[in-house]
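So the sequence lines, in the order shown, correspond to chains A and B.
If you count the first sequence from 1, position 59 lands on 59 in this note's numbering, and the numbers rise without skipping.
Take any residue in the second sequence, count from 1 to its spot, add 1000: that is its number in this note's numbering.
Built from N, CA and C at the ideal position, the CB exists for glycine as well.
A short write-up of the structure that comes next.
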Amino acid sequence: MATQAARIPVAKTYKIYIGGKFPRTESGRYYDLQNAKGKVIANICRSSRKDFRNAVVAARAAQPGWASASAYLRGQILYRIAEMLEGRREQFIAEMTVQGVGKKAATEEVDAAVDRLIYYAGWADKYQQIFSAVNPVASSHFNFSVLEATGVVSILAPESSGLLGLVSNIAPTIVGGNSCVVLASESLPLNAVSFAEVLHASDVPGGVVNLLTGYRSELAGQFASHMDVNAVICCDADDDTAADIQVKAADNIKRVIARDGINWSKATAASPYFVADVQETKTTWHPIGS
Amino acid sequence: MSAALTPAPPLPDLSQVTRVDEVGVAERVARFQTRSIKTESKTAALKMILSMIDLTTLEGQDTPGKVRQLCQKAMHLHDQLPGLPHVAAVCVYPTMVGIARKALGDSGINVASVATAFPSGMAPRHIKIDETKIAVAEGADEIDMVISRGAFLQGDYRFVFDEIAAVKEACGEAHLKVILETGELSTLDNVRRASVLAMHAGADFIKTSTGKIQPAATLPVTFVMLQAIRDFHRETGRMVGMKPAGGISNSKLAIHYLVMLRETLGNAWMTPEWFRFGASSLANDVLMQLQKQATGVYQSADYFSKD
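Below, the structure is given as structure tokens:
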């Protein structure tokens, strides 16, 4: 009599997110994600520079449309992401605990991520007023400075905060009309990939956010050297990586925004200055007529 | 006014033209796209593509300034990269031929003109012939003519054949490229038949599309035309050129075309004299790729001239 064989659990192969689609990495490479006991819990794509390049192409294509959407609409869409994330709260908490985060800490982090999205959704149609100005000049001109999205932003997400750190960098970047290519935390990637699914279901136009997983050591240089990237946000880089990024980014005078040692769960880790970091100031002269 | 035309060459028996196996074509074409061309071979291919481009502007809003700008680009593709070839030709409407001719000077770049009521071809024959003569008189080295698709689809092959022959005669020294507008011919059998017809009528080149109709150039259609050229060459000993046009906007796809050309017609055709790309945005993508090959860094369109 045959006995029922024990069921073999299926380790999900998490995919990456480029241009509103979920392709596998072009390189066909994966790394095992293991839990504390050394058991494989998922296969994670090891993105290549070709994937990165594809993501930049998608981001570039999506950026003008996204930037020309009204601030109000961008705010609504960020709010929608928060709603969808709230709806999948249990899944995110479960994924986080699998990666070794305590249940209580996981719950707090997911809730904070939802709140942070709503925080930036609120800033969508307000940061312009705060950072723009009418400047005093000596001639008969109006002279005003306003913010504009810088373009395509590459983000090396924080290593130690898989969801909240990720959301805290994506939200202020896209709320101002930028598109982005993000490399998720190497050791805590599960939430990032699931967050891509949330984005996909939240009216975010394809290409505005592109999420890659893989080895930072392999990809950081690409994030900084690609000429079609306008700014690079670099979280928690060691000194050598940070220096390397500075040098490579200098080629096309990318902005380099270093975010080191930030405790993302603190209220001070959310601020309109994070929006302003990836904005360019445009100053316009306009003659005063009568 | 029907006097004094030299007797047209005989019309081939189109009922004897080989049938095209569509499934076979699709499979063969899929295999061309599996080749991976890297490093030095890629750089060589990219440079070859540049030298084969007919840089094109065919808009109702074309102005002399825009044409001069395009000619400037044709001569100075990207001065930061040393050793680049220039494009094969600049392709414009007949009214812009004089301006392009003057702007290009003795750069060695040809002027191609789309004559014969481009892009529809809906005009009486004497007008098409006059237009051709005017373009040649203005200094066009190459004439891109469109065939009368309506007549062809009706089965009036004699009419199409005579028209091509008449325009060929009007071209004089200028090279004649015959545009089949394959997007309107609907089947690969028709494409093959139209290719044979055009080559027998005296075409120096056959060309897929005007670029105004979708689908424009595709790999399967180009493959069928290349095979027709190969068979025509075997039969008559005459070489005919090929020009896919429309929709080829990135280097990777253009390299697949080169692979197909090499494997169908061989090295003899791999020069601008026998193969052209009709394109407006391809050049920039090729330049970006060449810059990437030179620097190892992916490029931004910000650093290349706009078309």
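With fewer than 16 other Cβ atoms inside 10 Å of its own Cβ, H141 (chain A) counts as exposed. The Cβ-Cβ distance between Y17 (chain A) and L211 (chain A) falls below 8 Å. With its beta carbon less than 8 Å from one in chain B, N252 (chain A) belongs to the interface. Two segments are said to touch when three or more pairs of C-beta atoms, one from each, lie closer than 8 Å; by this definition the stretch 53-63 of chain A touches the stretch 203-210 of chain A.
Taken in chain order, the members of the stretch 1264-1297 of chain B whose beta-carbon sits within less than 7 Å of a beta-carbon on chain A are V1297. A Cβ-Cβ separation of about 7 Å places I1127 (chain B) in contact with A1117 (chain B) under the 8 Å criterion. In the three-state DSSP reduction, Y14 (chain A) falls in the strand class (E or B). Residue-level contact check: R53 (chain A) touches chain B, since one or more beta carbons of chain B fall below 8 Å from its beta carbon. S1305 (chain B) is outside the set of residues whose beta carbon lies under 8 Å from a beta carbon in chain A. Taking the C-beta atoms as reference points, K1047 (chain B) is found nearer than 8 Å to P1085 (chain B).
For S68 (chain A), no Cβ of chain B is located within less than 8 Å of the residue's own Cβ.
Between M1242 (chain B) and L1226 (chain B), the beta carbon gap of about 6 Å places them in contact (Cβ cut-off 8 Å). Put simply, the CB of S1300 (chain B) is near chain A, with a gap under 8 Å to one of its CB atoms.
Around the beta-carbon of D1285 (chain B), 16 or more other beta-carbon atoms lie within 10 Å, marking it buried.
Across the set A:A58, A:Y72, A:T25 and A:A11, the C-alpha of A:A11 shows the shortest separation from the C-alpha of N35 (chain A). Considering only A:F22, A:V56, A:Q76 and A:A5, the residue with the shortest C-alpha distance to G176 (chain A) is A:Q76. Here G19 (chain A) has A58, G206 and G207 as same chain residues with Cβ atoms under 6 Å from its own Cβ, once five neighbours each way along the sequence are excluded. With respect to the 8 Å criterion, Y31 (chain A) and A270 (chain A) are not classified as neighbours on the basis of their beta carbons.
The beta-carbon of H286 (chain A) is placed no less than 8 Å from the nearest beta-carbon of chain B. No residue range can be given for N1267 (chain B), since it is assigned to no alpha helix (DSSP H) and is classified by DSSP as neither H nor E. Separation of I8 (chain A) and T25 (chain A) (C-alpha to C-alpha, rounded to the nearest whole angstrom) is 25 Å.
Three or more Cβ pairs closer than 8 Å define a contact, and the stretch 1287-1300 of chain B meets that threshold against the stretch 225-244 of chain A. Counted as a single uninterrupted DSSP element, the stretch harbouring M1075 (chain B) is not any beta strand (DSSP E) but the alpha helix (DSSP H) occupying residues P1064 to M1075.
Per the Cβ contact rule, the stretch 1248-1262 of chain B is not in contact with the stretch 1066-1077 of chain B (fewer than 3 Cβ pairs under 8 Å). Bounds of the beta strand (DSSP E) holding F1205 (chain B) are F1205 to K1207. Taking 7 Å as the Cβ-Cβ cut-off, the stretch 213-238 of chain A approaches chain B at S225, H226, M227 and D228, given in chain order.
The continuous stretches of alpha helix (DSSP H) do not include K1243 (chain B), which lies in the beta strand (DSSP E) extending over residues G1241 to K1243.
Residue state for R1031 (chain B) is assigned as helix, using DSSP reduced to three classes. Per DSSP, the unbroken beta strand (DSSP E) holding W285 (chain A) starts and ends at Q279 to P287.
Closest option to G1202 (chain B), judged by alpha-carbon separation, among B:A1170, B:G1105 and B:D1189: B:A1170. Y127 (chain A) is a Cβ neighbour of P272 (chain A), given a cutoff of 8 Å.
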